[in-house]
DNA sequence: AGCATCTGCTTAGTAGTACTAATCAAATCG
DNA sequence: CGATTTGATTAGTACTACTAAGCAGATGCT
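Take a look at the structure:
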């Protein structure tokens, strides 16, 4: 049904803009931004990544991620060091504080979202779980 | 299953950030931003809205929408006039150019998204259609 | 009528994200 | 050993969002 495709697209765009803005606004004083948190999570899952690695993971340019990373370093949430193999590269690692900040932020944001998700029916949650990877696939295609 | 709730939340956050950034990057030179486009669409559906109306529709503050609207006015995509009943209010209307810009932008962005959606199965599209309003509900709750 | 208050909007300042382009330094290729 | 490529940084631009300060019109109270 070709008519529905347009429909889905418009709804999806609107939903993405709203959700993004909503997620941002859930951030409280002292917490890192959504994008920065994703960097922390990435480093948590796999340490020792270079700037290029982080840029690729976040799908942004080197310049953009460089800014984000600079802020995180100033907060002492991550450390930067030169790669011993290739000294052009910098490799990043999560600090103890970064680890804690990441966990705390994640928990806080999840609390809010979980409350919302809890209001849904089990079927709706199941739909969401199924759809989320689909959305990522669309975004990354 | 409480475990899945956390899962859904994390996926959803990541998907929202990515999708938003993807939508933004689809914008080409000369097109208005995602947020501005939503304003144009809002005015297209219902003209003569005040700044407060637009702020409420977009769920942002007056200051934020004021900026967006100022840019649109500079582009001559919308016109601003004083409400005759209450002269504190300003009411906005889409211009011919705004109408065209809106349609063109919408079509261009939809083309990209439709191509993505076309790659999905009918069942997945159906899921998306069902889920989109749910996402909006979450964002606006 | 006249002052106080409320309401609608604007503007300035801050912060954060993203992009491109210019630049620098290390590695690598010929 | 120069030329080129690659990794990263920085500067400049554009947008979005927020808060706070301030202005102007409307309304209410005495």
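Protein chains in written order, with the working numbering: chain A, 1 to 141; chain B, 1 to 141.
Ideal Cβ positions, reconstructed from N, Cα and C, are used throughout, including at glycine.
These numbers were taken from a predicted model, which means no experiment stands behind them.
Compute every distance between the C-beta of residue 85 (chain B) and the non-hydrogen atoms of the ligand ZN, then say whether any falls below 6 Å. Looking at this structure, you won't find the ligand ZN or any other ligand, since it has none at all.
Tell me which residues of the stretch 10-34 of chain A have at least one Cβ-Cβ distance to chain B shorter than 8 Å, keeping chain order. Look at the stretch 10-34 of chain A: the residues with a C-beta under 8 Å from a C-beta of chain B are 10, 11, 12, 13, 14, 15, 16, 17, 18, 19, 20, 21, 22, 23 and 34.
List the DSSP bridge partners of residue 134 (chain A). Looking at the DSSP assignment, residue 134 (chain A) forms no beta bridge with any residue, so it has no partner.
Strictly by DSSP, which residues pair up with residue 90 (chain A)? Paired residues: A:82.
Hey, does residue 56 (chain A) have any beta-carbon neighbour from chain B nearer than 7 Å? At a cut-off of 7 Å between C-beta atoms, residue 56 (chain A) does not count as an interface residue with respect to chain B.
For a contact defined as C-beta to C-beta under 7 Å, what are the partners of residue 135 (chain B) on chain A? Listed along chain A, the residues sitting closer than 7 Å to residue 135 (chain B) by beta-carbon distance are 15 and 19.
Determine, using beta-carbon pairs with one atom in the stretch 116-131 of chain A and one in the stretch 4-17 of chain B, whether at least three such pairs fall under 8 Å. By the Cβ criterion, the stretch 116-131 of chain A is in contact with the stretch 4-17 of chain B, since at least three pairs of Cβ atoms, one from each stretch, lie closer than 8 Å.
Output yes or no for whether 7 Å exceeds the beta carbon distance between residue 24 (chain B) and residue 34 (chain B). Cβ distance < 7 Å, so residue 24 (chain B) and residue 34 (chain B) count as in contact.
Do you know how far the Cα of residue 47 (chain B) is from the Cα of residue 1 (chain B)? Unreliable placement is indicated for residue 1 (chain B), whose pLDDT of 49 sits below 50; no coordinate value is reported for it.
What residue does the alpha helix (DSSP H) around residue 35 (chain B) start on, and which one ends it? 34-45 is the extent of the alpha helix (DSSP H) around residue 35 (chain B).
What does residue 141 (chain A) reach in chain B if we use C-beta pairs closer than 7 Å? Those are 116, listed as they occur along chain B.
Opposite residue 144 (chain A) in the DSSP bridges: which residues? Since the first residue of chain A shown is 1 and the last is 141, residue 144 (chain A) is not available in this structure.
Quick check on residue 84 (chain A): buried or exposed, where buried means 16 or more other Cβ atoms within 10 Å of its Cβ? Counting C-beta atoms within 10 angstroms of its own C-beta, residue 84 (chain A) has fewer than 16 neighbours from the protein chains shown and is therefore classed as exposed.
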